[in-house]
Every structure is written in structure tokens, then in C-alpha cells.
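Trainee:
Number of protein chains: 2
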Amino acid sequence: MRRQSLEAAVDRVKAKVWTKQTAVSRVDAGRLSLLLHPSLKSSEGASPIATGLGVAPGAASGLVTFTAEDAARLRARGKHCILVVTETGPADIEGMKAATGILTARGGMTSHAGVIARITGKPCVAGVRTLTVDLAEMSCRIGDREFHAGDRLTIDGSDGCVYAGMLALAQPHIGGAMGTVLGWSDASRKAAVRTNVETVESAKTALSFGAEGIGLARSEHMFFSPERMLALRRMILSEDEEDRSRAIGGLVDFQTGDYSALFSTMAGMPVNVRLFDPPLHEFLPRGEEEIDDTAASLGLAVRALRLRLERLAEINPMLGHRGVRLAITYPEILQMQMQAVLAGARAASETQSEPVLVEVMVPFVSTATEVAFVRERVDAMVANSGLLRSDRVQFSFGTMIELPRACLRAGDIAQMVDFFSFGTNDLTQTTFGISRDDAPTFLAAYQRKGIYDSDPFVSVDEKGVGELIAMAIERGRAANPRLKIGICGENAGDPASLRFFAGLGVDYVSCSPYRVPVARLTLAQSRG
Amino acid sequence: MRRQSLEAAVDRVKAKVWTKQTAVSRVDAGRLSLLLHPSLKSSEGASPIATGLGVAPGAASGLVTFTAEDAARLRARGKHCILVVTETGPADIEGMKAATGILTARGGMTSHAGVIARITGKPCVAGVRTLTVDLAEMSCRIGDREFHAGDRLTIDGSDGCVYAGMLALAQPHIGGAMGTVLGWSDASRKAAVRTNVETVESAKTALSFGAEGIGLARSEHMFFSPERMLALRRMILSEDEEDRSRAIGGLVDFQTGDYSALFSTMAGMPVNVRLFDPPLHEFLPRGEEEIDDTAASLGLAVRALRLRLERLAEINPMLGHRGVRLAITYPEILQMQMQAVLAGARAASETQSEPVLVEVMVPFVSTATEVAFVRERVDAMVANSGLLRSDRVQFSFGTMIELPRACLRAGDIAQMVDFFSFGTNDLTQTTFGISRDDAPTFLAAYQRKGIYDSDPFVSVDEKGVGELIAMAIERGRAANPRLKIGICGENAGDPASLRFFAGLGVDYVSCSPYRVPVARLTLAQSRG
Numbered sequence: 007m008r009r010q011s012l013e014a015a016v017d018r019v020k021a022k023v024w025t026k027q028t029a030v031s032r033v034d035a036g037r038l039s040l041l042l043h044p045s046l047k048s049s050e051g052a053s054p055i056a057t058g059l060g061v062a063p064g065a066a067s068g069l070v071t072f073t074a075e076d077a078a079r080l081r082a083r084g085k086h087c088i089l090v091v092t093e094t095g096p097a098d099i100e101g102m103k104a105a106t107g108i109l110t111a112r113g114g115m116t117s118h119a120g121v122i123a124r125i126t127g128k129p130c131v132a133g134v135r136t137l138t139v140d141l142a143e144m145s146c147r148i149g150d151r152e153f154h155a156g157d158r159l160t161i162d163g164s165d166g167c168v169y170a171g172m173l174a175l176a177q178p179h180i181g182g183a184m185g186t187v188l189g190w191s192d193a194s195r196k197a198a199v200r201t202n203v204e205t206v207e208s209a210k211t212a213l214s215f216g217a218e219g220i221g222l223a224r225s226e227h228m229f230f231s232p233e234r235m236l237a238l239r240r241m242i243l244s245e246d247e248e249d250r251s252r253a254i255g256g257l258v259d260f261q262t263g264d265y266s267a268l269f270s271t272m273a274g275m276p277v278n279v280r281l282f283d284p285p286l287h288e289f290l291p292r293g294e295e296e297i298d299d300t301a302a303s304l305g306l307a308v309r310a311l312r313l314r315l316e317r318l319a320e321i322n323p324m325l326g327h328r329g330v331r332l333a334i335t336y337p338e339i340l341q342m343q344m345q346a347v348l349a350g351a352r353a354a355s356e357t358q359s360e361p362v363l364v365e366v367m368v369p370f371v372s373t374a375t376e377v378a379f380v381r382e383r384v385d386a387m388v389a390n391s392g393l394l395r396s397d398r399v400q401f402s403f404g405t406m407i408e409l410p411r412a413c414l415r416a417g418d419i420a421q422m423v424d425f426f427s428f429g430t431n432d433l434t435q436t437t438f439g440i441s442r443d444d445a446p447t448f449l450a451a452y453q454r455k456g457i458y459d460s461d462p463f464v465s466v467d468e469k470g471v472g473e474l475i476a477m478a479i480e481r482g483r484a485a486n487p488r489l490k491i492g493i494c495g496e497n498a499g500d501p502a503s504l505r506f507f508a509g510l511g512v513d514y515v516s517c518s519p520y521r522v523p524v525a526r527l528t529l530a531q532s533r534g
Numbered sequence: 007m008r009r010q011s012l013e014a015a016v017d018r019v020k021a022k023v024w025t026k027q028t029a030v031s032r033v034d035a036g037r038l039s040l041l042l043h044p045s046l047k048s049s050e051g052a053s054p055i056a057t058g059l060g061v062a063p064g065a066a067s068g069l070v071t072f073t074a075e076d077a078a079r080l081r082a083r084g085k086h087c088i089l090v091v092t093e094t095g096p097a098d099i100e101g102m103k104a105a106t107g108i109l110t111a112r113g114g115m116t117s118h119a120g121v122i123a124r125i126t127g128k129p130c131v132a133g134v135r136t137l138t139v140d141l142a143e144m145s146c147r148i149g150d151r152e153f154h155a156g157d158r159l160t161i162d163g164s165d166g167c168v169y170a171g172m173l174a175l176a177q178p179h180i181g182g183a184m185g186t187v188l189g190w191s192d193a194s195r196k197a198a199v200r201t202n203v204e205t206v207e208s209a210k211t212a213l214s215f216g217a218e219g220i221g222l223a224r225s226e227h228m229f230f231s232p233e234r235m236l237a238l239r240r241m242i243l244s245e246d247e248e249d250r251s252r253a254i255g256g257l258v259d260f261q262t263g264d265y266s267a268l269f270s271t272m273a274g275m276p277v278n279v280r281l282f283d284p285p286l287h288e289f290l291p292r293g294e295e296e297i298d299d300t301a302a303s304l305g306l307a308v309r310a311l312r313l314r315l316e317r318l319a320e321i322n323p324m325l326g327h328r329g330v331r332l333a334i335t336y337p338e339i340l341q342m343q344m345q346a347v348l349a350g351a352r353a354a355s356e357t358q359s360e361p362v363l364v365e366v367m368v369p370f371v372s373t374a375t376e377v378a379f380v381r382e383r384v385d386a387m388v389a390n391s392g393l394l395r396s397d398r399v400q401f402s403f404g405t406m407i408e409l410p411r412a413c414l415r416a417g418d419i420a421q422m423v424d425f426f427s428f429g430t431n432d433l434t435q436t437t438f439g440i441s442r443d444d445a446p447t448f449l450a451a452y453q454r455k456g457i458y459d460s461d462p463f464v465s466v467d468e469k470g471v472g473e474l475i476a477m478a479i480e481r482g483r484a485a486n487p488r489l490k491i492g493i494c495g496e497n498a499g500d501p502a503s504l505r506f507f508a509g510l511g512v513d514y515v516s517c518s519p520y521r522v523p524v525a526r527l528t529l530a531q532s533r534g
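Protein chains in written order, with our numbering: chain A, 7 to 534; chain B, 7 to 534.
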């Protein structure tokens, strides 16, 4: 797919050779996505200093970094960085998520780095044979050039090229023929397309790509800057009420501004806030140094902090004390989040003419009793806020459906909520019994031996996960005919999966901003 | 329930007041289980030195130990030990599994220690307020007495008493009225009762309780002694074929003897061997010291060993590189296990008149392609062995059904196997998205707030997990009418769950030896 073929399609419609629907149906949604990653500005004309395998598409530039800790630190300061490693393993996941791009000396398409990079949408160049990393010196050689931590580097995960320095990148945009074809496609699809974002910047990108709301704002992402992280840690580690109340006060203030800005950016469109999901220990310090720093900043004894860390540690965090379990066992976290959401909605409603459409959803539920417990508290806070007295703020409450049991009990759960949002990532992990982070060690062999038809984290597993989703929709709608249905996992940006979801009659899908055009087109092609 | 009430029931039948079936129906299966734990010999008359809460029933005596590492080391040497700690957390799970009994200073019925102890069937006394542990000195005080690592201690988890020294324990036995009532119950149940054991000693206990076969022999348990563990580690860590072949040769010899003895003990009854299940890193050294020792024993550089350990580490081992994934990615492990099973069957068949009934099953499958891959290799080895030429050895192949996707795809999978064995532990973990090991941090709050009707790891969750099991049985039998159905998780020893399974028409259940009588009685009470 080139931009030219889109232009040719538009010309055929103008010449009345094709109808608009024919043009929409002829565009290859899978190839469209290749036009939707950042790329090197063609004017640059720089020479690569090395080439490897482009295993995850898109270009990225940033500061050279060698460890997960440094990548997280840079990210927290708003800096882009390229994680440079010999090869990646489970210990590098957090660093990969924090990095803007990934560069490895070993591995190919199905290596750990390749799989995780594609899942997290990070550009990645793997298997650069001329790269050697010296962790002791915090430096690396690429061919005959030496780079130290903090030096600048650019990679292009589409063709495997590596460049010295920070080259200018072109952000993908929609316009011309692509905009025209996507406009036509909007007229012929039933399901809405939303996006998964937490920041105003990403929300604006998604709006420029045609997003019609936010389907997933991961509220915990609002704590990633250093001072917020410290306030969050103070709350998690507080031993007495006074200390905890002080920490919570600061956290509410931070977030109120964030939510208000997000609601204003999306004025008149729904914004879905997912309550806190990850286990608390994911926000606590790990390395020796960071533990010492945190203890000093919070005025805690290092020994006491270590003891607390040990108590919060988990063997299988993916199946641990997270999601709705946190809302139930730490009601002050639920309260803090709802305070901030409601204050943000009030602030936004006072400065804009469109209504503020707030959705709050609770993750990782497996029983209707969990949902009832949370809904009761949320409803009380919403009622207390007085926000619903005018129609300037609308509020709805829903639940993620991301565990097999939630699918089975969808009939009970649907009676307690306004909407379901299927989280295909966790639902795939639990249905298959596979940790996405750990899968790369056997997924490569599985693909070689043809055990899976396709990677279920990319295209929804129709015969397994898909049956659970279909069952949940049927049971949910039977129990609550006004139930709204959304999909918000990685699958929601994959053409094959989108066709499947369209067939189930979902009300909306929500994907990362760069996937929004793919979803708009595919849903138009899939209408019944 | 006292033995006396059993005797009264038998007397009523003798007096023709009750029929045998009435007697069977009147016995409370839940209370029967209280008679089936080791207990203090009443003749002892010792005075407790402290009392706490009896949070997991049964008496245990052994050497005082304070760390998971020491408990594992003692267990490997065949010693019983009592793990003594202030309170337990996720880091103590391995120690708790290795210990014979657990004693804690803090916590109650729903503490981490209590929940894990009951799940693993270990006697546990918790919340002993006069206990203080000094880890630096490897000693503890209980009241005014001091104990060091290696001192002897006895606990009674039924009444919470703690005694100095190793008191004599009475093993539960079946005889007299209990034996009579259980004999009657055997006549009126349809499903067979098997047991989950790996050693000849446990198999004999289970036989004395009326087990009719082994439903689950966890093959990895055969590697728990120090020299076997070293051979296993040599295989896991071997980098070249020659080294690996040598390690495997030694491992086959060890296991052949084990299997032969197990088959002979169970002569004429089915013995179900589950292929290797846990991720390989669970068998590798952890602490500094153990890593150094292992490197020295295997002639590896410590640095290289650490690198290898890092590469094998997993974030969510429960959802990681385990079960059938090992058989597919390390075919030499599958080959080694099958060699040993077949050689063991041959040896046993040469010394006994009854046929050797071998069943092999593959764990943690989610697709029929996985099962087909393993079955093809297993069938080839069985055919090569020539064992099936006479009818002295019978062989069948099956799969664990312990993932939601396996339940959904049961129709495909059933066509490849002779039997399904439901693993309710992992199926409950994945259906609910709960790690059993990590659950104690929120399960206590859930029970207090009434979120769950009952603990799904004790009594099967009929509305969720139960629906998946019923669906899998229906789809499996429709696709393969000769399919045999068994249940082998913790639920298979719980009366409420057994009634549910009986209603599904399972062919057998398999539980720990001490639960066999409970299963015999409950299944008789539940016949349709």
C-alpha cells in the first residue's frame, strides 16, 4: 500500500468508475497501518552506521540507555530514549515499556525483544551483529563508533537501519486521499472507534486520526512523574491515617488537573477512566539505590521499607492483588480516584459548552458481588458531588470483562453496569494460561512448529477467547438490553480481529491512536 | 463425628433398624475427614509449652527450622521439620511446602500461613503470642524455652498446642466400624476413587484407605533428593548434547526404579503419570550460597550460571514456560520421561502376575495441536518398546484439562486422547485470574466482606469453573464416546465438590491419600 494507491482509488470515485463503498472495500487495512508509524524525514539523507533486522516498525530517536532503571528515569523526565542491550529477557520488560525504541545485538523476528516490541508498539531493530554492549562502562560500540549513556541515536524498525544522532522524524498524518477514504468509511460503519490514551498530547494525536472518544484511560499512568510517584509511594507505604490522608490530598490535586484537561480535550465525547489496576508493588522501588533514596525521601528506615516490600511482593503479579481487588481492600484508593475524576469533570464542565461524558470502569472482576461493592461506593460519591443535577455532566459505570469467569457470569454482572469493556489482553492470558511477558521463550518454537494458527495476542483467538466474548455479549444483553459493549485490548487494532468483533455487533472498539484509522476502515469493510 | 457414632450406625444395621444404605447416608463426610489426620498418641500425656490457633488440622513433629532453604534441604534428606516464623508471606511458600508443619507468631484462620497450610495439607498452629524468632541467631523463644535450628518440636494443628520434643504420632487408619461403613459405601457408588501420590510409601497409605489406583503421580517429585536434583540441574543447564545425554542417562536410571516400584505396589490398578509440569527455573538454585555450590558441583563458572538463571527467570511462572510447553520445546525431557516410564513398566511386568496399567497425561494444554504433537511422539516410543505385544502392559494417553481454553476446545482435544483429567487448581486460578499463592493478601478481606460464597480452592466454584467443566465433559464425550473423565485437583477431596462431580457423571476422582475415605463415602451418598 502506498499513498498513491489511495489517490488512485479517490480518482476512480471522482470518475464515477467506483462507488465510495467500492473504494472503501478495496483498501487493504493491514497495509494502511504501515503508513501510520513515525518515519524518518526523507530529506535527512543520513547514512546508517549499522543495519540489523527491523522487527517492529516505526522510527525512534532518543538518548542511549542501557538499563530498565535509566529508561524509566528518563521517561519520567519526559525524555525519549533508545534501550540498547545484547538481548532482552523478562527483567527488561519495564525498560522496554519505558523506552521509545529498542536496539539489540542478538535475536530475530520471534525473539523476546521482537515479540514484546510489537506488543507494546515500540520500534525495534534486533540482531545488529556489530553491536557490543559494555555494561560495566555503560557504553556500547556499534561498528567502529562508541556511544555512552546519554548519547543520541536513531533507529528505524521498518528497515533495520541504525543512525548516529537524533534524526528528525515525520509523524504520520491523515490528509489528502487517506482522509477522503476514511471519511467515506465513517459513513458506512456502525461501531464507534475510540482510543486508549491518558495524556492530552496522545488524545490530540488520536483526535487527528478520527478517534470518537477515549475507551481506556489507564489511571495509574498519571503517576509516572517522579514527584507523583513519590506521593503515591507515600500513600502505599503510609502506616497511619494522618500520613495517608496527607499523601492522598496531594494525589487528588495532581489528577484533578489531568482529568479536567483530558475531559476538555475530548469535549462532548466519552472519556472512559479505568480504576487503578496493577498490583501496588509495581510502583515501589526495586534496586538497592532506589530503595535507599525512597526511604530517605519518605523518612522511613531502610529496614522497615524492605520489610514492607517483602510483604507486598508477589509470585504471580498478573494473577495477584490488583484491579477490583485493590478497590475492595484499599477503599481509600477508590475514593481518591473518584474524588479526582469528579473534581476534574466539574472543572471541565465550567469552562466548556459541550457536556462532560464521564465513564468509570472497574478492572479484573470475576464476580457480580465485586461489581456491586464498588458500584455502591461510586454511586454514593457521584450523588454527593451534585454533578448530575444539571445535564452538563453525564456519568456511567461499567466493568472490564477480562477474566473467563466474568464472561461466564456476564448475566449477573450486566445487571449492575451500564457497559462492558472487553480487555482482550488479560482475557487471552487467562484463557490460554499464558503470561504475555514470559511467552517469548516458547512462542518462537510454537510458531516454527505451527502449534498456533496465529499469535493470539495480535489476532483474537476466535475459537477460544472469541467464544467466551460471544457468550458474554449474549448473556449480558439478555440480562440488560441497554448494555453497551466495547473492546479495548490490543486485538481492537488488528484487522482480522476487528472483523470478528464487528460480527458480534459491538458498540465501539478502542485502540492506540496510530491504529484508529485501521479500525475506522476495517469496521466500514465489515458491516453486516 | 466420633468413632462411636460410626459404631452405632453399624449396630443399627446389624439390628436391622437401618439398611446399609441408610447407614452410609447418615455419616457426615465432612466430619469423617477430621478422623483422617495424624494425631498425638493419646498415651503421651505431654504438657503443651504454648498454645495458639489451630488453623490447619493434624499433628506434626520434626526439627525446628527457620528458612525455606533449610526446610527444602531437610526435606531432601528425608527429615521432617517444623517451619517456625513470625508470619509467612509469598517468599515462604516453598519452605511451607517442604516443611511437615508450620508454626507462626502472628496471624489467624485467614492469614497467609493458615490459607496456604490448609491448601497444602500441612498442620499449622498460628498466632502463638509467646513466640519470638531471632533469625540472626537462628533461634526462637517459645514462652521461657529457647530452641535452635535442629531442635525437636511437635505441633497439633487441630487444637493449637505446641510441645517440646518429638512426640509419637498416631497415623489415622481405617478399621472397625469405619471400615465397615466405607465397605458398604463402595457397593453403592459409580465413580472410582484414586489418589495423588508419587512414592511407594504414600501409595501404600492410600491403598490402606481404599484407593483404587493413582490418578496423579507428579513426575517432577521424583527429583527431590540432592543427587537427583543435581543431575536434573545438569540437564537443564547443559549447553552441549554430550553433557545433556550423560545427564539424561542418569535420570532415566533413577526414575525407572521408582516407576517399577510404584507399578508393582499398585499391581493391577491404573497408575497415571503426569509429564513434567513446573517451569525449569523452579529446580534451579536461588540463594548466593546455593548458586556457588551448584556452579562448583557442575563445573560451571558462577557468572555463566547466573546469566543462565536470569534467562530462565519468569515474571508469572504460573502462566509461563511449563507443562506441555516444556514437552514441545525440550523434547529430550519428554523422551527421558517416557523412557523411564516404559522401562519401569517392563520391569514391573516381569515380576508380577497382574497387568501393568500405565496412563500418561500431558499437563497445561490449551490446543488440540499441542496434544497431537506430544501424542505422536509418545505413541512412537510406546510402539518401539514392544511392550504392547503381550497384554501384560496396557497403555493409555490423556490430557489434563486445567485451562479455560482446553474446556472450550474439549471437542477437538477429546479426539486425540483416551481420557481427560480435570485439574481444578489451575482451572480455578485461570478462570478467576487468581494466583493461589498470592491470594491470601486479599482473600481474608473477601471472606470478611462476603464477596465469595466460599473459597473456590476448597469447594469447586459451581457457577463458573463448574460450568466450564460441565461444558468440557459434554463436548468431550460428544466427540469421543469412550472418553474417560477424572478429576484430580484439591476439590476432589471436598464433599460439596464431590457431590457436584458425581452429578456430572465422572468416571473417577483422585485426591490425597487422607481424603480417599471422604471421597468413597461422599460419592456413595451422591449417586443419582
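Glycine is no exception: its CB is placed at the ideal position from the N, C-alpha and C atoms.
With a 10 Å radius around its C-beta and 16 neighbouring C-beta atoms as the bar for buried, classify B/Val466 as buried or exposed.
Mentor: So B/Val466 counts as buried.
Trainee: Bridge partners of B/Asp162, per DSSP?
Mentor: DSSP lists B/Ala65 and B/Cys167 as partners of B/Asp162.
Trainee: Taking the straight line between their C-alpha atoms, what separation do you get for A/Arg483 and B/Val23?
Mentor: Spanning the two alpha carbons is a distance of roughly 56 Å.
Trainee: Tell me which residue opens and which closes the beta strand (DSSP E) that B/Cys517 is part of.
Mentor: Element bounds for B/Cys517: Tyr514 to Cys517.
Trainee: Would the beta-carbon of B/Leu213 be found less than 6 Å away from any heavy atom of the ligand GTP?
Mentor: Questions concerning the ligand GTP fall outside what the structure shown contains, since it holds no ligand whatsoever.
Trainee: Hey, is the stretch 390-404 of chain B in contact with the stretch 468-475 of chain B, meaning 3+ C-beta pairs nearer than 8 Å?
Mentor: Contact fails: fewer than three Cβ-Cβ distances are below 8 Å.
Trainee: Less than 7 Å separating the beta-carbons of B/Phe507 and B/Ile493?
Mentor: Closer than 7 Å, so yes.
Trainee: Report the residues of the stretch 72-105 of chain A with a CB closer than 8 Å to any CB of chain B, ordered along the chain.
Mentor: Answer in chain order: Gly95, Pro96, Ala97 and Ile99.
Trainee: Mind checking the stretch 450-474 of chain B against chain A and listing, in chain order, the residues whose C-beta falls within less than 8 Å of any C-beta there?
Mentor: Within the stretch 450-474 of chain B, the residues whose Cβ lies closer than 8 Å to some Cβ of chain A are Ala451, Tyr452, Lys455, Gly456, Ile457, Tyr458, Asp467, Lys469, Gly470, Val471, Glu473 and Leu474, listed in chain order.
Trainee: Are the C-beta of B/Arg317 and some C-beta of chain A separated by less than 7 Å?
Mentor: Interface residue, yes.
Trainee: Using a beta-carbon distance below 7 Å, is B/Pro178 in contact with chain A?
Mentor: No, B/Pro178 lies away from the interface with chain A (no Cβ there is under 7 Å from its Cβ).
Trainee: With a CB to CB cut of under 8 Å and the five nearest residues on each side skipped, what residues in its chain are close to B/Ser214?
Mentor: Here the set comprises His179 and Ile180.
Trainee: If we count the other Cβ atoms within 10 Å of its Cβ and call it buried at 16 or more, is A/Gln47 buried or exposed?
Mentor: Going by the sequence as given, residue 47 of chain A is Lys instead of Gln. Result: exposed.
Trainee: Would you list, in sequence order, the uninterrupted beta strand (DSSP E) runs of no fewer than 3 residues that lie entirely inside the stretch 27-84 of chain A?
Mentor: Runs found: 59-62 and 65-71.
Trainee: Taking contact to mean 3 or more Cβ pairs, one atom from each stretch, closer than 8 Å, check whether the stretch 448-464 of chain A and the stretch 404-413 of chain A are in contact.
Mentor: The stretch 448-464 of chain A vs the stretch 404-413 of chain A: no contact.
Trainee: Taking the straight line between their C-alpha atoms, what separation do you get for A/Ser145 and A/Glu152?
Mentor: About 7 Å.
Trainee: Which bits of chain A does B/His287 rub up against, with CB to CB less than 8 Å?
Mentor: Going along chain A, no residue has its Cβ under 8 Å from B/His287, so there is no contact; the nearest lies around 10 Å.
Trainee: Could you work out which residues of chain A lie near B/Ile440, taking near to mean beta carbons separated by less than 7 Å?
Mentor: The contacting residues are Leu325.
Trainee: Is B/Ser518 close to chain A, meaning its C-beta is less than 7 Å from at least one C-beta of that chain?
Mentor: No - not a single Cβ of chain A is within 7 Å of the one on B/Ser518.
Trainee: Which bits of chain B does A/Asn322 rub up against, with CB to CB less than 8 Å?
Mentor: Under the 8 Å cutoff, chain B gives Asn322, Pro323, Met324, Leu325, Ser441, Asp443 and Asp444.
Trainee: B/Ser372 CB to nearest chain A CB: under 7 Å?
Mentor: It does; some Cβ of chain A falls within 7 Å.
Trainee: Return helix, strand or coil for B/Asp140, following the three-state DSSP convention.
Mentor: Note: B/Asp140 maps to strand in three-state DSSP.
Trainee: Please return the same chain residues whose Cβ sits closer than 7 Å to the Cβ of A/Gln421, not counting the five positions on each side in sequence.
Mentor: The residues are Ala485 and Asn486.
Trainee: Are the C-beta of A/Thr335 and some C-beta of chain B separated by less than 7 Å?
Mentor: Answer yes: the Cβ-Cβ gap between A/Thr335 and chain B drops below 7 Å somewhere.
Trainee: Can you list, in chain order, the residues of the stretch 364-398 of chain B whose Cβ is nearer than 8 Å to any Cβ on chain A?
Mentor: Of all residues in the stretch 364-398 of chain B, Phe370, Ser372, Thr373, Thr375, Glu376 and Phe379 have a Cβ within less than 8 Å of some Cβ in chain A.
Trainee: Applying the criterion that 16 or more other CB atoms from any shown protein chain within 10 Å of the CB defines a buried residue, is A/Val308 buried or exposed?
Mentor: It counts as exposed.
Trainee: Hey, how far is the Cα of B/His154 from the Cα of B/Val139?
Mentor: Those two C-alpha atoms are separated by around 10 Å.
Trainee: Let me know the beta strand (DSSP E) ranges lying completely inside the stretch 87-128 of chain B, each 3 residues or longer, listed in chain order.
Mentor: The stretch 87-128 of chain B contains these whole beta strand (DSSP E) runs: 87-91 and 107-110.
Trainee: Counting only Cβ pairs nearer than 7 Å, list the residues of chain B close to A/Arg415.
Mentor: Within chain B, the residues near A/Arg415 are Lys469 and Gly470.
Trainee: Let's test the definition: count the other Cβ atoms within 10 Å of the Cβ of A/Pro501 and tell me whether it reaches 16, buried, or not, exposed.
Mentor: By the 10 Å Cβ count, A/Pro501 comes out buried.
Trainee: At 8 Å on the CB atoms, spell out the chain A contacts of B/Leu409, in chain order.
Mentor: Near B/Leu409 (Cβ distances below 8 Å), the residues of chain A are Thr437, Phe438 and Gly439.
Trainee: Can you give me the Cβ contacts of B/Asp513 inside the same chain, cut-off strictly under 7 Å, excluding the 5 residues immediately before and after it?
Mentor: So the list reads Ala197, Ala198, Lys490, Ile491 and Gly492, once near-sequence residues are dropped.
Trainee: What does the alpha-carbon distance come out to for the pair B/Gly171 and B/Asp264?
Mentor: Whole-angstrom Cα-Cα distance: 33 Å.
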